[in-house]
């Protein structure tokens, strides 16, 4: 579904991603873990199309298409979704109005009929229940004045409504208490299908207790230095990232 | 030098011509007022940019044009359909064409006893004591060149009188249509007197049915009685060849609440002055403004809030969205007089620049002579937030649509403060029309 080949990206001339290779198939959940500043969020933002980052080398194939040929909105319409680490507040733009515009833009692109207010509201009510979202959040401006937890929950609520094929969750666990974490993880798990995939970007193993990954990758200094199964996450939780670093440092440098 | 080539001389000669048409009326108190005003205008003349009040706005294009005052009612082909296009749903509507009352297009509807909603000319004609005693007298209206010019050619406008304790449920629309075919001057003069505990909403709409150059030079005087509640909304939506200078001046009694929403979207050069004197304790004013500029438009908003007495509050929010090579000006004066302790004044000015060539000058001007007061002001100038645009796009919304949504949100912050529902809807669709592909459409 998604294949990243030798991806290099920089911001303001500083290289952050230094050759990422990763392949994600439909039905899989991958976790990217790594210490602060390793490039996890950069990877998430580059995949979503944030133009503050410059892709200097490599390519990403998404369902056979060159991802970098697509604008951010085209990626979204093709089923790519990013749950932001820091969801953006948008005063004056109603959460529901915004979501309806987004869903209809996606549906239109995918050749489906646009939803009217009544059908849209049906979906919204159903997904609200799933995410245990308070109805009042719907009538407020997007993320404005939301608590940290409400913002994160709102992201997964957007995901639930938009039903992406490939979802990237960027540090969705940060700032969540244990109950909220469970709700968010339940929401994600209920959205898992054979034909979609999830990339979970996280610093801690905690979220992975709830969203169990098929593969775990360790990102350090802009490269994936180790990959493994879900047990790798437990090892990282227990031993930290230093041992992976040591392991990498002791390997001969590839030419 | 040809004497008529000086702008002041031009209007002096126009005044003489006007005077000749008056016959016996030329000794009336109203005409004495006009004489006084033309003399004053002749002495001070049009302002230059050396005048601090006009530092950012050159009126040279206005001064050098020879606009002919429209002295007679001249509906010149204006149809009922035209009028309906600019009307919104209300029972009380006064229509003025080129500054003169158009009774056949107006509908006053039924009014509570004692309420007057009509033309100022007929109020003066019928010697309405309130009209005569208040006009240009109650407020000691600011002596600016344009106010003097307005008074010099003062003929008509709206006269609204609401006696003590009366509330009007429906809003009053004052529709000013400009339609002459040669360069012309219209000088609407509105007088609003609201008694104690009176309540009223008034909407002034300025529109064009001509592609000729002209100047609307309007003055509105509002006297707000104790505990009165007044909303005054203004929509300036004239052609891109129109010049528009206006003064709205209001004086508030004790516990009066006055709101002014001023929306400016049309015109080549627009200068709006809103002045409020908080002249008795516990009065409160709210001044909101929204400018949409594109092309080479210049939209200048000057506000003055005079906290003359203690325990008064003022809230001010002026926003501008500027595209193309348009320019915006905001100058917000707040005076707090030595007496005016416990003043609470807040001023906010925000400008959204949609192009690299649009500019704004913003100047808060607080002069505080009392010591126990709360006064805040803030100004921001910026572009659309890149993170917000990206967030919307990452959800599937196109770039242009995302920018439209954010621009509309910026504007709706002001529009939502208009309480006259049909006007609010009119404004929303107007802004939607002006937003095209994330930009304000070039109208010409």
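Protein chains in written order, with the working numbering: chain A, 12 to 266; chain B, 470 to 913.
Glycine is no exception: its CB is placed at the ideal position from the N, C-alpha and C atoms.
Would you call the CB atoms of residue 71(A) and residue 18(A) closer than 8 Å?
yes
Could you tell me whether the Cβ atoms of residue 715(B) and residue 742(B) are closer together than 8 Å?
yes
Determine, using beta carbons only, whether residue 793(B) comes closer than 8 Å to chain A.
no
Check the Cβ-Cβ distances between residue 708(B) and every residue of chain A, and say whether any is below 8 Å.
Cβ-Cβ to chain A under 8 Å: no for residue 708(B).
I need the straight-line Cα distance from residue 260(A) to residue 248(A), nearest angstrom please.
20 Å
Report yes if the C-beta distance between residue 724(B) and residue 696(B) is below 8 Å; otherwise report no.
Going by C-beta atoms, residue 724(B) is nearer than 8 Å to residue 696(B).
Reducing DSSP to helix, strand and coil, say where residue 125(A) ends up.
coil
Any C-beta of chain A sitting closer than 8 Å to the C-beta of residue 480(B)?
By the rule that beta-carbons nearer than 8 Å mark a contact, residue 480(B) does not touch chain A.
Alpha carbon to alpha carbon, how far is residue 541(B) from residue 571(B)?
In this model, residue 541(B) and residue 571(B) are separated by some 11 Å (Cα to Cα).
Please state whether the Cβ-Cβ distance between residue 4(A) and residue 152(A) is less than 8 Å.
The structure shown does not extend to residue 4(A), since chain A spans only 12 to 266, so no value can be given for it.
Reduced DSSP secondary structure (H/G/I, E/B, other) of residue 192(A)
helix
Does DSSP classify residue 32(A) as helix, strand or coil?
strand
Listed from N- to C-terminal order along the chain, which residues in the segment 612-631 of chain B have their beta-carbon within a distance smaller than 8 Å of any beta-carbon of chain A?
none
Would a C-beta distance cut-off of 8 Å place residue 170(A) and residue 74(A) closer than the cut-off?
No, the Cβ-Cβ distance between residue 170(A) and residue 74(A) is not below 8 Å.
Who are residue 809(B)'s beta bridge partners in DSSP?
Bridge pairing for residue 809(B): absent [DSSP].
Neighbour flag for residue 813(B) against chain A, beta carbons, 8 Å:
no
Exposed or buried, which one is residue 548(B) when buried takes at least 16 other CB atoms within 10 Å?
exposed
Give a yes or no on contact between the segment 126-141 of chain A and the segment 40-59 of chain A, applying the rule of three or more CB pairs nearer than 8 Å.
no
Whole angstroms are fine: how far does the CA of residue 877(B) sit from the CA of residue 865(B)?
18 Å
Quick check: residue 196(A) and residue 222(A), are their CB atoms within less than 8 Å of each other?
yes
Tell me the residue span of the beta strand (DSSP E) that contains residue 663(B).
658-663
So which residues on chain A does residue 881(B) lean against when the C-beta distance must stay under 8 Å?
103
Are the CB atoms of residue 569(B) and residue 642(B) within a distance shorter than 8 Å?
Against a cut-off of 8 Å, the Cβ pair of residue 569(B) and residue 642(B) comes out as no contact.
Let me know the alpha helix (DSSP H) ranges lying completely inside the segment 44-106 of chain A, each 4 residues or longer, listed in chain order.
Listed in chain order, the complete alpha helix (DSSP H) runs (minimum 4 residues) inside the segment 44-106 of chain A are 51-59 and 83-88.
Residue-chain proximity (residue 19(A), chain B), Cβ-Cβ < 8 Å:
no
What residues of chain A sit near residue 862(B), judged by a beta carbon separation below 8 Å?
Per Cβ cutoff of 8 Å: 60, 82, 83, 84 and 87.
Return yes when the Cβ of residue 225(A) is within less than 8 Å of the Cβ of residue 41(A), no when it is not.
With respect to residue 225(A), residue 41(A) sits close: the two C-beta atoms are nearer than 8 Å.
Against chain B, with Cβ distances strictly below 8 Å, would residue 169(A) count as a contact?
The beta-carbon of residue 169(A) is placed less than 8 Å from the nearest beta-carbon of chain B.
DSSP state of residue 27(A) mapped onto helix, strand, coil
strand
Given a cut-off of 8 Å, decide if residue 702(B) and residue 676(B) are closer than it, judged by their beta-carbon atoms.
The answer is no: Cβ separation not under 8 Å.
So is residue 872(B) buried or exposed if we call it buried at 16+ other beta carbons inside 10 Å?
In summary, residue 872(B) is buried, with 16 or more beta-carbon neighbours lying within 10 Å of its beta-carbon over all protein chains present.
What in chain A is Cβ-close to residue 590(B), meaning under 9 Å?
Per Cβ cutoff of 9 Å: no residues; residue 590(B) is ~43 Å from chain A at best.
Counting only runs of 3+ residues fully inside the segment 728-798 of chain B, write out the beta strand (DSSP E) ranges in chain order.
738-747, 753-762, 767-776 and 782-791
Residue 504(B): first and last residue of the uninterrupted alpha helix (DSSP H) it sits in:
Counting along the chain, the alpha helix (DSSP H) containing residue 504(B) begins and ends at 498-513.
Ordered list of beta strand (DSSP E) runs contained in the segment 574-632 of chain B, each at least 3 residues
The DSSP assignment places complete beta strand (DSSP E) segments of no fewer than 3 residues inside the segment 574-632 of chain B at 585-588 and 627-631, in order along the chain.
Identity of the residues DSSP links to residue 818(B) by a beta bridge
787(B) and 848(B)
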